[in-house]
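**Student:** One structure, pasted below without further comment.
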Amino acid sequence: MNPKRLWSWLPAFAALAMILAACGGAPQAPQAPTTAPVAEATTAPVAAAPTDAPAATTAPAATTAPAPTTAPAPTAAPVAEAGGKLNILYWQAITILNPHLASGTKDFDGAAVILESLANYSEKDELTPGLATEIPTADNGGVAEDGLSITWKLVETNWSDGTPFTADDVVFTWQYCSEEATACSTAESFSAIETVEAVDPQTVKITWTQPNAYPYVAFVGSQGMILQKAQFENCIGANAISDAACQAANLAPIGTNAYKLTEMRPGDTVLYERNSEYRDAENVFFDEVEIKGGGDAASAARAVCETGEVDLAWNIQVPSAVLTPILENGDCDPLVGGSFGIERVVVNFANPDPALGDQRSEPDQPHPFLTDPAVRQAINLAIDREAIVSQLQATAGTVTCNVLVAPAALDSPNTKCPRDVEAAKKLLDDAGWVVPEGSSVREKDGVKLIVNFQTSINTLRQGEQAIIKANLAEIGITVNVKAIDAGVFFSGDPGNPDTLNKMYVDLQMYTNSNESPDPTSYFQGWTCENRNSSANQWNGGNDGRYCNEEYDALYATYAAALDPDERAAVAIALNDLLIADNMIFPLVNRATPQVKLKTLEGPTFDPTFDSLLWNIATWKRVP
Amino acid sequence: MGQYIIRRTLIAIPTLLVISFVIFAVLALAPGDPLAQFALNPAIPEAVRERIRVQLGLDQPWPVRYVKWLQQLAQGNFGISFNSKAPVTDLIAQRLPQTLQVVGLAYVIAVGLAIPLGIISAVKQYSIFDNVATFFSFIGFSVPSFFTGLVLMLVFAINLGWFPIVYSSTIKIDSWATFWQQVRQMVLPITVLVVQQTAALTRFMRSAMLDNLSMDYVRTARAKGLTDRLVVVRHVVTNSLIPVITLIALGIPTIFAGAIITENLFRVNGLGQLLISSINSSDTPVVMALTFIFAMLTVVFNLVADVLYGVLDPRVRYS
Numbered sequence: 000m001n002p003k004r005l006w007s008w009l010p011a012f013a014a015l016a017m018i019l020a021a022c023g024g025a026p027q028a029p030q031a032p033t034t035a036p037v038a039e040a041t042t043a044p045v046a047a048a049p050t051d052a053p054a055a056t057t058a059p060a061a062t063t064a065p066a067p068t069t070a071p072a073p074t075a076a077p078v079a080e081a082g083g084k085l086n087i088l089y090w091q092a093i094t095i096l097n098p099h100l101a102s103g104t105k106d107f108d109g110a111a112v113i114l115e116s117l118a119n120y121s122e123k124d125e126l127t128p129g130l131a132t133e134i135p136t137a138d139n140g141g142v143a144e145d146g147l148s149i150t151w152k153l154v155e156t157n158w159s160d161g162t163p164f165t166a167d168d169v170v171f172t173w174q175y176c177s178e179e180a181t182a183c184s185t186a187e188s189f190s191a192i193e194t195v196e197a198v199d200p201q202t203v204k205i206t207w208t209q210p211n212a213y214p215y216v217a218f219v220g221s222q223g224m225i226l227q228k229a230q231f232e233n234c235i236g237a238n239a240i241s242d243a244a245c246q247a248a249n250l251a252p253i254g255t256n257a258y259k260l261t262e263m264r265p266g267d268t269v270l271y272e273r274n275s276e277y278r279d280a281e282n283v284f285f286d287e288v289e290i291k292g293g294g295d296a297a298s299a300a301r302a303v304c305e306t307g308e309v310d311l312a313w314n315i316q317v318p319s320a321v322l323t324p325i326l327e328n329g330d331c332d333p334l335v336g337g338s339f340g341i342e343r344v345v346v347n348f349a350n351p352d353p354a355l356g357d358q359r360s361e362p363d364q365p366h367p368f369l370t371d372p373a374v375r376q377a378i379n380l381a382i383d384r385e386a387i388v389s390q391l392q393a394t395a396g397t398v399t400c401n402v403l404v405a406p407a408a409l410d411s412p413n414t415k416c417p418r419d420v421e422a423a424k425k426l427l428d429d430a431g432w433v434v435p436e437g438s439s440v441r442e443k444d445g446v447k448l449i450v451n452f453q454t455s456i457n458t459l460r461q462g463e464q465a466i467i468k469a470n471l472a473e474i475g476i477t478v479n480v481k482a483i484d485a486g487v488f489f490s491g492d493p494g495n496p497d498t499l500n501k502m503y504v505d506l507q508m509y510t511n512s513n514e515s516p517d518p519t520s521y522f523q524g525w526t527c528e529n530r531n532s533s534a535n536q537w538n539g540g541n542d543g544r545y546c547n548e549e550y551d552a553l554y555a556t557y558a559a560a561l562d563p564d565e566r567a568a569v570a571i572a573l574n575d576l577l578i579a580d581n582m583i584f585p586l587v588n589r590a591t592p593q594v595k596l597k598t599l600e601g602p603t604f605d606p607t608f609d610s611l612l613w614n615i616a617t618w619k620r621v622p
Numbered sequence: 000m001g002q003y004i005i006r007r008t009l010i011a012i013p014t015l016l017v018i019s020f021v022i023f024a025v026l027a028l029a030p031g032d033p034l035a036q037f038a039l040n041p042a043i044p045e046a047v048r049e050r051i052r053v054q055l056g057l058d059q060p061w062p063v064r065y066v067k068w069l070q071q072l073a074q075g076n077f078g079i080s081f082n083s084k085a086p087v088t089d090l091i092a093q094r095l096p097q098t099l100q101v102v103g104l105a106y107v108i109a110v111g112l113a114i115p116l117g118i119i120s121a122v123k124q125y126s127i128f129d130n131v132a133t134f135f136s137f138i139g140f141s142v143p144s145f146f147t148g149l150v151l152m153l154v155f156a157i158n159l160g161w162f163p164i165v166y167s168s169t170i171k172i173d174s175w176a177t178f179w180q181q182v183r184q185m186v187l188p189i190t191v192l193v194v195q196q197t198a199a200l201t202r203f204m205r206s207a208m209l210d211n212l213s214m215d216y217v218r219t220a221r222a223k224g225l226t227d228r229l230v231v232v233r234h235v236v237t238n239s240l241i242p243v244i245t246l247i248a249l250g251i252p253t254i255f256a257g258a259i260i261t262e263n264l265f266r267v268n269g270l271g272q273l274l275i276s277s278i279n280s281s282d283t284p285v286v287m288a289l290t291f292i293f294a295m296l297t298v299v300f301n302l303v304a305d306v307l308y309g310v311l312d313p314r315v316r317y318s
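Sequences listed follow chains A and B, in order. At position 391 of the first sequence (counting the first as 1) the number is 390 in numbering that gives the first Met the number 0, and the numbers step up by one without a gap. At position 129 of the second sequence (counting the first as 1) the number is 128 in numbering that gives the first Met the number 0, and the numbers step up by one without a gap.
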C-alpha cells in the first residue's frame, strides 16, 4: 500500500505543474458548451476536422487534467457542482444515431441521449411518461374499450433547434418506418398499426388493425424514439441511406432530450452537450456527455474501478475470476439486474438422423428417444444449473427455471428445477432405459442414449457444454458436443446445415427472450403451426418442433384475451405448461452487467425493455 | 526511368484487380452476416431483416455485387458503410489522423532509434552495448504486442497511474494542458509499437553495416589515412543505408493499415480498429475499402522502393 501511495504523488505533482502551465499560458479557456451553433448538428455529422466543434474539449483544464492521474484521491473530488463531463465507455462503439436504422443495442443507447419516445420502461418494467404527459389507460380514457386504438397526450416542448415538437412528428415517425423501403430495424413495433393521426398538435391517436391487448408497443422504449419531421422529411424510402443529407441526418438527429449532439465519429466517440431547449433544462447536471467505444470489457471495468477515468462502463461480460478482483479494488458499484435473455437448452422432437436424408429433422419424423417424457425429465434433473452460474456467469446471471422472466410480474413462482441425479437415474430405470453389461450408455430396444449437443462458439458456452456433458454422463447419457461459429449458427441461412433453425442435432443451446413486455409472439414460437420445416424455410420459430394441442389451445386463449389480469394468469400458465413438459431447459437468466463510479448517481441496471441510458437526463454526480 | 515507372504502374492495375476480387470473394463466401446482431431478436423478425438486406444490396449474388463495387470504385466511390450508413471515405478520413499520429509517429521514432543503434552495435560488435541492444531487440521480436501492451497498461496506467488507459480522440489541443494530455495518452501505444518496430530495423541495420565493414573499400579508405569516424559515417553508413531505406519504404504502407492489436487495446480508434470492427460486423464496404487502399499503397511503395534503390545505388539501372 505504502509504496503505491508514494508513487501516486509523482503524477500528482506532474498534474499540478500541467495545470499551472495551463493557467499561465492559456487564459482563454472559457466554458462555452452552450454557445455552439445549432446548425452544426445538422450539417457536420462526419466532421473530422478538429476545428468544427469549438465547445468540446476547451472546458477548463481542472476538470479534465487531474482526473486520469490522481484517480479517486480525496483531492480530486470537492463538492459536486452541476457541470463537467460524463464519460461512458462502450466496448462496442456506436455507429449510427438514427435508432430506426440501428444495427445493435449500442446504437439505440447512443440515440437515447438525444431522442425520446412517448414513454419508457424503467428498470422495474414500469412505464414512465417520456414525451407523453401520462400513460394512457382504459381508466383515463386513453385506451379504447374495444382495444382498437390508443390516444396519447403529448407534452409541450421544443426540439433542440428551437422548433416546437408536435403530433405531426409522431405521425411522421410512423410514416417513415411503415414504408418498407426505409428498412427500419424497428419496423416490427409499428406493424400492428392501421393508422396514426394527429388529433390536434398535442394529441396523437393510434388505430390498430385488430383489437390490441397490449397497446404500448409503438413509440415506446428504445424502439419507438420520435424523429423530427423537418429533418427527415425527405428521407423516406431508399433515400434513407442513399441521400447525402439523410446520411448526415442519420448521424446527427435533432432531438428533444436533455442533450444534443456536438460531434459524432461513427465507431469511435459520440460527444453530446447540454440542450438548452430541454423542458427541464435547469435540472440537467452535466454540461457534456461522451460515449467512447472500442477496447475490451475487462479494461473498461478497470477504467472505472481502478483508474476512475470513466464514470460508467457498459456490459462488462468477463469471467468472474477476472472481474471480482477489479470490483473489490475500487470505488465502483456493479449494476446487475433485469434480463438480457434466458440461456436455454432446446430439445429436438424431430429426428435429426442423417440417414433420413431430406426428411431429416422434419416435424413428421419423431425423435427416437427425446419424445419419451422420462428421458427429457431425467436430463432436466441431471443438469447442474448452480455450477453453470457460479463457475461461469456469477456476475451476469441467476439460475432460472422459466422461459418467461420479464416483466417480473409474469415470472412464474410455480416452477422448480432442483438437481437430483438419483431421481433421474430411477426415472430412466423405470422407463426401461438400462445400462447393459460392460457399457456406460443406457439403451432400450437397441436405441442408445447418445445425444449431439450444439451451440455457438463462445468461451462461456463451451464451459456450459462441458458441465452439461459431465452431468449427463453421470446418468448414463453420452453427449457429443459441437460448437458452431455464431455468424453461421444464428444466420437463418436455409442453405447451411449448421443453423439453429435447422437443428440437425438432438439438443442445442442459445439465449433468447421476449423483446416486448407482451410475450404473445414469443409464446407463438412454440405452437404446432410454427414448427420449423423445409416448407417454411426452417423459419417458423419453433426450432424444437414441439407440438402439443393443449398448449396450442391455451395459446389461442391468450392471444384472444384482452383483460390484463387474465392475460397475466394465462402467460404464467403457458410458461408452466412448457416447463412441466420438459420440452426446454431454461438454465440462466442473463443480465448485462454494468459498473459505475460510486460518485455517479442515476444509472439503473439495464432495463429489460429499454435502453440503459433511458433516464440519462436525471444522472448527476454526488460527492 | 520514366518508361520503367509507367510500365510498373500498368502492371499494377491487373494485380490490384485480382487482389480486390480475391478479398471480395473471401468476404462474400465467409460465414457472417451484417445483421447477426439481430438474429433471434423477436422484435426484428426475418422479414424485417430481409428488407434491410435488400436495402443494403445484399440480396444480389456476390459476383453482381463485385461488379457494382468496381463500377462505384471507378467513380472514386467506396460505397456506404452497412453499420453507419455513411460514406466509407468519410469514415476513413476521420480515422486517418489518429492512425498517422500514433502509428506514424511510432514509425518515425522507431527508425530514428534503430539506425543509430544498429550502427553502434555493428561498429562495436560483441561489446556490452551490442549485447544489450541485441537482447532487447530479441525481446521486441518475440514478445507479442498484446502482451507488452497489457503489461505496460497494468504497470504504468493502472498501478502507477501515470498514463490514461482510455485514449480520447476528441481532445482539441489549444493549451499546454491539452497538449500534455495528448502526449500522455500517446505514450503507451507508441512505446508498444516502437519496441516492436525498432527490434526488426536494428537487426537489419546492424547486419548491413557488418557486411560493409569487412569490404575492401573500407580497408582502402582506412589505408588512405581517413579517420575511423569518417570511414564509418561517410562510407560504411551511406552504403549500408541502401537496403535499410528500401525496407523503411516498404514498411510505410503498414502505417496506413494501422496497428490492429495496439489500437484496439488502447482504444486508439484508428484505421486498424476500424478494420477489425468492420470485419467483426461483416461491414463489407469498409473492409473492402481499407484492404484495397492498403493493397494500393503496398504496390506504390514497392515501386518507390525500387526507384529509390536505383537513385541511391548507381550500379542499379532500370531500362
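In this text, a Cβ means the ideal position worked out from N, Cα and C, and glycines have one as well.
1. If we define contact as Cβ-Cβ less than 8 Å, is N76(B) a contact residue for chain A?
2. Span of the alpha helix (DSSP H) holding I127(B)?
3. Under a CB-based cut-off of 8 Å, is S102(A) close to chain B?
4. Secondary structure at N479(A), three-state DSSP: helix, strand or coil?
5. Keeping to the same chain, check which residues put their C-beta closer than 6 Å to that of P26(A); ignore five residues upstream and five downstream.
6. Since W207(A) is in the beta strand (DSSP E), which residue starts that stretch and which ends it?
7. Quick check on I449(A): does DSSP put it in helix, strand or coil?
8. Taking all protein chains shown into account, do 16 or more other C-beta atoms lie within 10 angstroms of the C-beta of D505(A), making it buried, or fewer, making it exposed?
9. What residue from S280(B), V231(B), T133(B) has the CA that sits closest to L200(B)'s CA?
10. Measuring CB to CB, does R620(A) end up less than 8 Å from F284(A)?
11. Tell me, please, whether the CB atom of Q54(B) is closer than 8 Å to any CB atom in chain A?
12. I need the DSSP call for F584(A), collapsed to helix, strand or coil.
13. Report yes if the CB atom of F604(A) is closer than 8 Å to the CB atom of G336(A), and no otherwise.
14. Where does A349(A) sit, in a helix, a strand or coil, going by DSSP?
15. Mapping the DSSP letters down to three states, classify C331(A) as helix, strand or coil.
16. Does the beta-carbon of I12(B) have 16 or more other beta-carbons within 10 angstroms, so that it is buried, or is it exposed?
17. Which runs of the beta strand (DSSP E) at least 3 residues long sit entirely within the region 55–138 of chain B? Give them in chain order.
18. Along the beta strand (DSSP E) that carries V191(B), what are the first and last residues, could you check?
19. For K84(B), which residues in chain A fall below 7 Å Cβ to Cβ?
20. Buried or exposed: where does S80(B) fall if 16 or more other Cβ atoms within 10 Å of its Cβ makes it buried?
21. Leaving out five residues before and five after L355(A) in sequence, what residues of the same chain have Cβ atoms less than 7 Å from its Cβ?
22. Would you call the region 164–182 of chain B and the region 106–122 of chain B touching, i.e. three or more CB-CB distances under 8 Å?
23. Identify the contact partners of L576(A) in chain B, using a Cβ-Cβ distance below 9 Å as the criterion.
24. Which partner residues does G396(A) have in the DSSP bridge list?
25. For S102(A), count the other beta carbons within 10 Å of its own beta carbon; 16 or more makes it buried, fewer makes it exposed. Which is it?
26. Specify the secondary structure class of V344(A) as computed by DSSP and reduced to three states.
27. For Q91(A), is the classification buried or exposed, using 16 other Cβ atoms within 10 angstroms of its Cβ as the cut-off for buried?
28. For I5(B), count the other beta carbons within 10 Å of its own beta carbon; 16 or more makes it buried, fewer makes it exposed. Which is it?
29. For A118(A) and G129(A), which I take to be in contact (beta-carbon distance under 8 Å), what is that distance rounded to the nearest angstrom?
30. R233(B): buried (16+ other C-beta within 10 angstroms of its C-beta) or exposed?
31. Taking DSSP's pairing of strands, which residues face Q507(A) in a bridge?
32. Is it buried or exposed, Y378(B), if we count other Cβ atoms within 10 angstroms and call 16 or more buried?
33. Going by C-alpha to C-alpha distance, which of L192(B), V165(B), P86(B), P44(B) sits closest to I138(B)?
34. Between the beta-carbon of T156(A) and the beta-carbon of R273(A), is there less than 8 Å?
35. With C-beta atoms as the reference, is I387(A) less than 8 Å away from N511(A)?
36. Rounded to the nearest angstrom, how far is the Cβ of L296(B) from that of R94(B), given a contact under 8 Å?
**Tutor:** Let me lay it out:
1. No, N76(B) does not count as interfacial toward chain A.
2. Per DSSP, I127(B) belongs to the alpha helix (DSSP H) from 127–141.
3. Yes, its Cβ sits closer than 8 Å to a Cβ of chain B.
4. In the structure shown, the three-state DSSP call for N479(A) is strand.
5. No answer about P26(A) holds up, because its pLDDT of 33 lies below 50 and its placement is not dependable.
6. Segment 202–207, the beta strand (DSSP E) holding W207(A).
7. In the structure shown, I449(A) sits in a strand (DSSP, three-state: E or B).
8. Taking all protein chains shown into account, D505(A) has 16 or more neighbouring C-beta atoms within 10 Å of its C-beta and is therefore buried.
9. With distances taken between Cα atoms, L200(B) lies closest to T133(B).
10. Yes, the Cβ-Cβ distance between R620(A) and F284(A) is below 8 Å.
11. The beta carbon of Q54(B) sits closer than 8 Å to some beta carbon of chain A.
12. The three-state reading of DSSP puts F584(A) in strand, counting E and B together.
13. Closer than 8 Å, so yes.
14. Here A349(A) sits in strand by DSSP.
15. Three-state DSSP puts C331(A) in a strand.
16. It counts as exposed.
17. You should have found no qualifying run.
18. Premise fails: V191(B) lies in the alpha helix (DSSP H), 175–212, not in any beta strand (DSSP E).
19. Under the 7 Å cutoff, chain A gives I95, L100, I240, Q246, N249.
20. When all chains shown are included, S80(B) counts as buried.
21. Exclusion of the five residues before and after L355(A) leaves Q364 as the residues of its chain whose Cβ lies within less than 7 Å of its Cβ.
22. The region 164–182 of chain B vs the region 106–122 of chain B: no contact.
23. Around L576(A), no beta-carbon contact reaches into chain B at under 9 Å, the shortest distance being about 20 Å.
24. Looking at the DSSP assignment, G396(A) forms a beta bridge with R589(A).
25. By the neighbour-count rule (16 or more Cβ atoms within 10 Å), S102(A) is buried.
26. Three-state result, V344(A): strand.
27. By the 10 Å Cβ count, Q91(A) comes out buried.
28. Exposed is the call here.
29. Right, their Cβ atoms sit about 5 Å apart.
30. Under this definition R233(B) is an exposed residue.
31. DSSP lists V345(A), Q453(A) as partners of Q507(A).
32. Given a span of 0 to 318 for chain B in the structure shown, any question on residue 378(B) remains unanswerable.
33. Its Cα nearest to that of I138(B), the residue L192(B) stands out among L192(B), V165(B), P86(B), P44(B).
34. Not closer than 8 Å, so no.
35. No, Cβ-Cβ distance for I387(A) and N511(A) is not below 8 Å.
36. In this structure, L296(B) and R94(B) do not form a Cβ contact; the two beta carbons are roughly 15 Å apart against a cut-off of 8 Å.
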